[in-house]
Structures are given as C-alpha cells and as structure tokens.
Amino acid sequence: MKRVKKLLNEKDLFEKFLPSLRGKVFHFTYSKSWLLIQKTKKVLSNKEGKFIYGSVHSHQSIGNYLGAVCLFDLRSVSEMILGKNSLFQDYFSRRITTDSPTYFLVLNEKAYSKILRLEDVENELKQKLMYMPEIESWYIDDLDLFNIEAVYEVSLISSE
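Quick look at the structure:
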C-alpha cells in the first residue's frame, strides 16, 4: 500500500488533487478513524453507531442502513459533477480544514467486485434514505486494508 502525504492550499486541493481522483474509488476519513483503521487493519461499517458520523445525516444513510462502508465512486463521473461549485467540492470544502489531516483510502481494482453502485440500490431506499447522488457507492462488508492501493494523507495549509 502506497502512502503519500500532501500539504495543499485550497486552490491545489480543488484544482489538482481532487480531480486526480477521477476514475478511482475511495473512502474518506479523519485522523481519529484512520488510527482505528490502522489498528484493526480494516475500515469498519458504522451500522452499530459506534463511531462519529461523517455528517449530521450519516445515521440516515443508505450505507449505514446496509451496514456497508461508504465510498466515493469516481469511475464514471462527468467534469460537471466534480467541478467548481459542485456537491462534491462543497462536501470536501466543509470537511478538509487546517486543523488536522484527512485521509483518502483509494481502493485497488480487485475490491471493485464487492461494490454496490447507486443504480443497484432499490428506488424505495433512495426515496427514504440519504446518499450523495452520482458519486456514492458502498462496499458490502468491512473493507480490509489489503484492498487499499494508496492512502493520501491530506493537510490543508493556509493560502496566506
């Protein structure tokens, strides 16, 4: 597993790093969770609600309902989905700060067979549960670290 540390200003985060993830599938997490992942050697689902939720609606998410690990699936997304002022950029602008690093765990292609894509989810679930349109998918099981090809530790630096 390749590990890369990146110190980025906000411009480089949105104009270079995030677009470089296009075509990939990754799990996004914070420092405290990354420590647990390293200890257990897997990304655990949060169906039991043991961990801090990534957003205020995570407990109502499709991933939580399925007992799956939530992923960002950028294998077949358009520039519009990732571009300026998109939901994708808005999500990360509120979560990546100068306070502490965040982690992007990029899956290797061997793990793709266990990914449930949005189009495979029943419409009934989409109507009553939360998800990120067009970019969210789920790993149906705990995600072992041997399924991760790279970890990017991203720290945001002030542009001043």
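When you number the sequence shown by my numbering, it's gap-free, plus one each residue, and the end is 154.
For glycine and all other residues, C-beta sits at the position ideal for the given N, C-alpha and C.
Note that the structure is a prediction, hence the values are computed from the model and not measured.
Hey, how far is the Cα of residue 116 from the Cα of residue 75? Residue numbering aside, residue 116 sits at position 122 when the sequence shown is read from its first letter. Residue numbering aside, residue 75 sits at position 81 when the sequence shown is read from its first letter. In a straight line, the C-alpha of residue 116 is about 22 Å away from that of residue 75.
Simplified DSSP assignment, three categories, for residue 90: For the purposes of this step, residue 90 is taken as the residue at position 96 of the sequence shown. Residue 90: coil per DSSP, three-state reduction.
Take residue 128 and list the residues in its own chain whose beta-carbon comes closer than 8 Å to its own, dropping the five residues that flank it on each side. Within the sequence shown, numbered from 1, the residue matching residue 128 stands at position 134. Cβ neighbours of residue 128 beyond the five flanking positions: 71, 75, 112.
Can you give the Cα-Cα distance for residue -5 and residue 16, rounded to whole angstroms? Counting from one through the sequence shown, the residue named residue -5 turns up at place 1. Counting from one through the sequence shown, the residue named residue 16 turns up at place 22. Using only the alpha carbons, I get a separation of about 19 Å.
Measuring CB atoms only, is the stretch 15 to 29 touching the stretch 92 to 100, in the sense that at least three cross pairs come out at less than 8 Å? yes
Measuring straight from C-alpha to C-alpha, what distance separates residue 142 and residue 21? Here residue 142 is taken as the residue at index 148 of the sequence shown, counted from 1. Here residue 21 is taken as the residue at index 27 of the sequence shown, counted from 1. Distance between the alpha carbons of residue 142 and residue 21: 9 Å.
How long is the line joining the alpha carbons of residue 51 and residue 126, rounded to whole angstroms? For the purposes of this step, residue 51 is taken as the residue at position 57 of the sequence shown. For the purposes of this step, residue 126 is taken as the residue at position 132 of the sequence shown. Only weak support is given to the placement of residue 51: the predicted model assigns it a pLDDT of 48, under 50, and the value that follows is read from those uncertain coordinates. Cα to Cα, residue 51 sits roughly 11 Å from residue 126.
So, for residue 77: in the same chain, excluding its five sequence neighbours on each side, which residues have a beta-carbon less than 8 Å away from its beta-carbon? Along the sequence shown, one-based indexing puts residue 77 at 83. So the list reads 83, once near-sequence residues are dropped.
What does the alpha-carbon distance come out to for the pair residue 139 and residue 63? Mapped onto the sequence shown, residue 139 falls at position 145. Mapped onto the sequence shown, residue 63 falls at position 69. The alpha-carbon separation between residue 139 and residue 63 amounts to approximately 13 Å.
Is the beta carbon of residue 36 closer than 7 Å to that of residue 136? Taking the sequence shown and counting its residues from 1, one reaches residue 136 at position 142. Taking the sequence shown and counting its residues from 1, one reaches residue 36 at position 42. Their beta carbons are under 7 Å apart, which means residue 136 touches residue 36 by this criterion.
Residue 89 to residue 60, Cα distance in whole Å? As a first step, residue 89 is located in the sequence shown; it is residue number 95 there, counting from the start. As a first step, residue 60 is located in the sequence shown; it is residue number 66 there, counting from the start. Near 24 Å, if we compare the C-alpha coordinates of residue 60 and residue 89.
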